[in-house]
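Worksheet: the structure to be examined is printed underneath.
2 protein chains.
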Amino acid sequence: MSRPATLDAPRASGRLTPAEREVIEFFVHLGRYLSLPRSVGEIYGALFATGGTMTLDELVSRLGISKGSASQGLRLLRGVGAVRASYRPGDRKDHYAAEVELPNLLRGFLRDQLSVRMNHANERLGRLLDAVEDPANGAPDGLSHRVERLVSWQKKAKRLVPLVSTFLKM
Amino acid sequence: MSRPATLDAPRASGRLTPAEREVIEFFVHLGRYLSLPRSVGEIYGALFATGGTMTLDELVSRLGISKGSASQGLRLLRGVGAVRASYRPGDRKDHYAAEVELPNLLRGFLRDQLSVRMNHANERLGRLLDAVEDPANGAPDGLSHRVERLVSWQKKAKRLVPLVSTFLKM
DNA sequence: CAGTTTGTTCATTGAAACTTGAACACTCGC
DNA sequence: GCGAGTGTTCAAGTTTCAATGAACAAACTG
């Protein structure tokens, strides 16, 4: 019944203060709900904690993760707008900072990720509707009606998105 | 670059019509976004497609999954309110039906799952705030301010839930 | 241009999750 | 109570996924 001890704890974090460890643990835990790899939560947590910028090899050495994990994690985080890279003149390393403003974070997510998924779902639903309405496919009674229901809910969800956006700005 | 062929396709489905297969494929795919096991998507899809009820061994034979998977999948689906069991007099088998009304589905989810998670997040944030405000923990400059920001957003999200509930009823 | 630094890619490894199937517990009818 | 029918549990096998680290590509420096 006991949870594995490694679930929440960062692995090697010799150079981190207790406060930083707490923040990282928090984001690792949060990431689990979004089914994100632990390393992603660690990276975002470390950047959130410092408030400033860190380079890839700083993340590697302070978090004790591999260069590969750090590279891939940073790519994912930049992809969803959770981390920004800043280039400094006279320094060849990239400097990464956490986007800590939730509205900005969600704005990027809603625009890039969610709308893509919505359109994808739209497509799939359309194809599904075609399939169940083809008499050759032997759809059970009332199935096309239930699928039409799904379509209408999908439209409703789409209308909900801007509403949430507005709410977040308040 | 090619996806594994097994990703979307139900495994053994000899007794299913093409329309049913399409519906099942749809829910298996949808389940992937929620990181649900394939068998769960298959079960819900099969119940959604028929519209009526099915027994455990009907699901087993028509989907070609094991009794164990079916039992566990049905438990999960009943747990989140996506499937209801109905008991019929004169029949020892349990009959299962999909809850196809999205508002009902989400009502259960919002009440049972989300509020629990919200409270959990609340707790964690409180402990995090305590930790970063303890001078002994060496928090970087401005960290407690950023964490307070998280707290205020969490409260905002909590207020958003009933709003979404209302919207779904329209 | 050779050497160094920086970041990415990818095959391999290891761990966690899903599925299976058989053993088990429970209930009903006789 | 006995036997058949129904559903659950759990150890073992299989699959899936994240982490690693070495090889690679790109960009700068002297």
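Heads up: the sequence lines are chains A and B, in that order. Under the numbering used here, think of the first position of the first sequence as 34, with each following residue one higher. Under the numbering used here, think of the first position of the second sequence as 34, with each following residue one higher. From the three backbone atoms N, C-alpha and C, an ideal C-beta is built for every residue, glycine too.
Counting of Cβ neighbours within 10 angstroms places Gly-64 (chain B) among the buried residues, the total reaching 16 or more. Taking a C-beta distance under 8 Å as the contact criterion, Phe-59 (chain A) and Arg-179 (chain B) do not qualify as a contact pair. Restricted to the region 143-171 of chain A, the alpha helix (DSSP H) segments that are unbroken, complete and at least 4 residues in length are 148-166, listed in chain order. Taking a Cβ-Cβ threshold of 7 Å, none of the residues of chain A is close to Glu-132 (chain B); the smallest such distance is about 12 Å. Counting C-beta pairs closer than 8 Å gives three or more between the region 128-140 of chain B and the region 183-201 of chain B, which meets the contact rule. Scanning its chain for C-beta atoms nearer than 6 Å, with the 5 sequence neighbours on each side dropped, one finds around Ser-102 (chain B) the residues Ser-72, in chain order. Taking Val-133 (chain B) as the centre and dropping the five residues before and after it, the same chain places the C-beta of Phe-81 closer than 7 Å to its C-beta, in chain order. For chain B, the residues of the region 46-57 of chain A that bring a beta carbon within less than 8 Å of one of its beta carbons are Thr-50, Pro-51, Ala-52, Glu-53, Glu-55, Val-56, in chain order. With a cutoff of 8 Å on beta-carbon distance, Val-165 (chain B) and Val-56 (chain A) are scored as near each other. Within the same chain, Cβ atoms closer than 7 Å to the Cβ of Lys-191 (chain B) are found at Met-151, the five residues on either side in sequence being excluded.
Distance from Thr-86 (chain B) to Tyr-129 (chain B) at the Cβ level is roughly 6 Å; contact confirmed, criterion being Cβ atoms closer than 8 Å. For Leu-110 (chain B), no Cβ of chain A is located within less than 8 Å of the residue's own Cβ.
When the beta-carbon positions are compared, Leu-143 (chain A) and Val-61 (chain A) stay at least 8 Å from each other.
Restricting attention to B:Ala-115, B:Asp-167, B:Gly-112, the CA atom closest to the CA of Glu-53 (chain A) is found in B:Asp-167. Annotated three-state conformation of Ala-118 (chain A) is strand, per DSSP. Flagged as an interface residue toward chain B: Leu-135 (chain A), by a C-beta distance shorter than 8 Å. Put simply, of A:Ala-169, A:Asn-170, A:Lys-202, A:Asn-155 the residue whose alpha carbon is nearest the alpha carbon of Val-184 (chain A) is A:Asn-155. Judged by DSSP secondary structure, Asp-127 (chain A) falls within the beta strand (DSSP E) whose first and last residues are 127-131. Think of a sphere of 8 Å around the beta carbon of His-62 (chain B): the chain A residues whose beta carbon falls inside it are Arg-157, in chain order.
Closer than 8 Å to the CB of Pro-173 (chain A) there is at least one CB belonging to chain B. When the Cα atoms are used, Lys-100 (chain B) and Arg-108 (chain B) turn out to be separated by approximately 12 Å. For Val-197 (chain A), at least one C-beta of chain B is nearer than 8 Å to its own C-beta. For Ala-131 (chain A) and Leu-147 (chain B), the gap between their C-alpha atoms comes out near 26 Å. Arg-121 (chain B) and Asp-90 (chain B) have their C-alpha atoms roughly 16 Å apart.
The beta-bridge partner set that DSSP reports for Thr-83 (chain A) is empty. Neighbourhood of Ser-72 (chain B) in chain A, by CB distance below 8 Å: empty, with the nearest CB roughly 18 Å away. A straight line joining the alpha-carbon of Gln-105 (chain B) with that of Leu-69 (chain B) spans about 12 Å. Residues are counted here when their Cβ sits less than 9 Å from a Cβ of chain B; for the region 79-96 of chain A these are Phe-81, Ala-82, Thr-83, Gly-84, Gly-85, given in chain order. Linking Gly-112 (chain B) to Leu-92 (chain B) through their CA atoms gives a straight-line distance of about 18 Å.
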